[in-house]
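Residue numbers (the UniProt record's numbering): 1 to 429.
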């Protein structure tokens with residue numbers, strides 16, 4: 001049929017789209033490790049993501065978890081760091097690593113025709129990493145130098161301190177590393193942590209992209225006979241006491257000559273399993289979750305105090321938090337704090353009008369559509385659900401909440417959670 005280009009196509013709101021989370025297949029290796037596979041996409045690329053329960057939650061002393069994760073690639077019995085990196089570079093592949101609060105991971109991106117040459121080297125890293133003393137020494141020096149530079153930045157200092165105020169300096173969510181913590185690292189610390197949480201650790205594997213037919217059998221070949229455990233098996237009865245700061249308003253002078261202030265205002269909040277979490281995500285978007293939010297419109301667009309201000313719910317497994325974050329001129333930092341509380345009061349006192357609520361709904365649904373654009377983004381959604389102990393029904397429930405929540409419910413939530421006395425307030429200059 002010939003298009004009539006003199007007539008504009010109909011405009012459809014994002015909330016009217018029917019959104020489906022593409023299904024992924026579940027496989028189980030001989031050792032019980034689960035593999036979640038998503039075979040989709042038109043490009044000849046894939047991603048393999050090994051997730052271990054080797055985050056800071058499990059480290060026996062500070063800085064051990066990120067150091068172990070970072071140095072996984074820096075030497076085995078048969079290859080030094082240069083040879084390992086050369087191997088992945090030869091095939092045009094990337095093997096990245098990351099360490100978070102609960103989990104740590106290795107993430108391989110490559111052309112699917114090369115995955116067979118890369119999997120055995122990843123298996124070698126997970127069974128035979130040796131953590132050479134010279135590599136550890138370089139890591140310590142680099143980490144200390146990076147820390148020294150970052151401690152001069154108000155936003156870095158604020159990020160460290162606000163977490164400590166919320167959870168306590170001994171809690172994995174609140175603790176932070178100092179120079180002496182890197183100095184105290186010993187090779188034996190890394191080897192012990194590696195043996196417990198990588199070589200014999202709890203693991204789950206996510207794969208996505210245009211997958212070869214034999215990929216699962218290749219994963220079985222190289223990882224199915226390793227002494228890894230199913231990620232749901234949790235013998236470690238590790239818990240931490242949340243010890244928030246007694247003083248809720250803090251002002252820190254980090255640089256006497258500084259002209260910019262980092263502002264962090266945060267409160268504890270339940271995790272994703274709480275019935276208010278999904279509703280609060282909608283309220284958060286109205287408040288400060290995107291460029292069209294209340295905080296951005298007032299403090300950036302109207303007052304010109306900052307280039308950007310956002311609020312967000314922290315993505316932790318055991319606890320969560322509600323954070324407002326911005327950097328503003330030193331001379332307007334207190335005025336910025338006052339405006340943040342003013343916006344909280346407006347949400348408590350007045351219902352959001354339907355036009356603003358519809359704009360927010362469309363933004364959130366549009367973001368979800370963007371997050372489902374491609375196999376790597378889709379498997380990321382599945383990963384977030386599974387690691388938080390949720391299923392796909394949670395995804396569909398969240399869409400239902402976004403589409404149907406009422407302005408009166410948002411006002412009720414604001415009165416419950418946006419009370420100034422519940423927030424920790426930090427300004428670092």
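For every residue, glycine included, the Cβ atom is placed at its ideal position computed from N, Cα and C. Since the model is a prediction, treat every value here as computed from it, not as a measurement.
Two segments are said to touch when three or more pairs of C-beta atoms, one from each, lie closer than 8 Å; by this definition the segment 72-86 does not touch the segment 237-251.
Three or more beta-carbon pairs separated by less than 8 Å link the segment 98-117 to the segment 44-58, which places the two stretches in contact.
With 16 or more other Cβ atoms from the protein chains shown falling within 10 Å of its own Cβ, residue 326 counts as buried.
Residue 382: member of the alpha helix (DSSP H) spanning 375-387, first to last residue. Excluding residues up to 5 positions away in sequence, 21 lie with their Cβ nearer than 6 Å to the Cβ of residue 392 in the same chain. Taking all protein chains shown into account, residue 343 has 16 or more neighbouring C-beta atoms within 10 Å of its C-beta and is therefore buried. Three or more Cβ pairs drawn from the segment 108-128 and the segment 84-97 lie within less than 8 Å of each other, which places the two stretches in contact. For residue 196, no alpha helix (DSSP H) run applies, since DSSP gives it neither H nor E. If you ignore the 5 residues before and after residue 422, its C-beta comes within less than 7 Å of the C-beta of 267, all in its own chain and listed in chain order.
Every beta strand (DSSP E) stretch that sits fully inside the segment 79-136 and reaches 3 residues is listed by chain position as 94-99 and 104-111. Take residue 339, set aside five residues on each side of it, and the residues of its chain with a beta-carbon closer than 7 Å to its own are 298, 299 and 303, in chain order. Taking every protein chain shown into account, the CB of residue 273 has fewer than 16 other CB atoms within 10 angstroms, so this residue is exposed. Sorting 401, 367, 350 and 371 by C-alpha distance to the C-alpha of residue 412 places 350 at the top. Here residue 323 carries a strand assignment [DSSP, helix/strand/coil]. DSSP, reduced to helix, strand and coil, places residue 338 within a helical segment of the structure shown. With a threshold of 16 other beta carbon atoms within 10 Å, residue 216 meets it and is buried. Note on residue 306: 16 or more other CB atoms within 10 angstroms of its CB, so buried under the neighbour-count rule.
Taking a C-beta distance under 8 Å as the contact criterion, residue 263 and residue 328 qualify as a contact pair. Residue 115 and residue 83 have their C-alpha atoms roughly 18 Å apart.
Contiguous alpha helix (DSSP H) elements confined to the segment 165-245 occur at 179-183, 187-194 and 215-223, taking only those with 4 or more residues.
Nearest in C-alpha terms to residue 222, of all of 44, 426 and 117, is 117. Within its own chain, the residues whose Cβ lies closer than 7 Å to the Cβ of residue 25, once the five positions on either side in sequence are excluded, are 37, listed in chain order. Note that the segment 7-20 does not touch the segment 167-177; fewer than 3 beta-carbon pairs, one per stretch, sit closer than 8 Å.
For residue 311, the enclosing beta strand (DSSP E) starts and ends at 309-313. Remark: fewer than three beta-carbon pairs, one from each stretch, lie closer than 8 Å, so the segment 316-325 and the segment 350-363 are not flagged as touching. For residue 72, the closest of 130, 140, 341 and 159 by C-alpha to C-alpha distance is 130. Where residue 263 is concerned, there is no enclosing alpha helix (DSSP H), although the beta strand (DSSP E) around it starts and stops at 260-269.
About 11 Å separates the beta carbon of residue 396 from that of residue 385, a gap too long to meet the 8 Å contact definition. Rounded to the nearest whole angstrom, the CA to CA distance from residue 45 to residue 210 is 6 Å.
Residue 160 is positioned such that its CB atom lies closer than 8 Å to that of residue 176. Secondary structure of residue 152 (DSSP, three-state): coil. A straight-line Cα-Cα distance of about 27 Å links residue 67 and residue 31.
C-alpha of residue 143 to C-alpha of residue 156: approximately 14 Å in a straight line. Annotation: residue 43 to residue 372 spans about 16 Å, alpha carbon to alpha carbon. Contact between residue 428 and residue 261 holds, with the beta-carbon distance rounding to 7 Å and staying under 8 Å.
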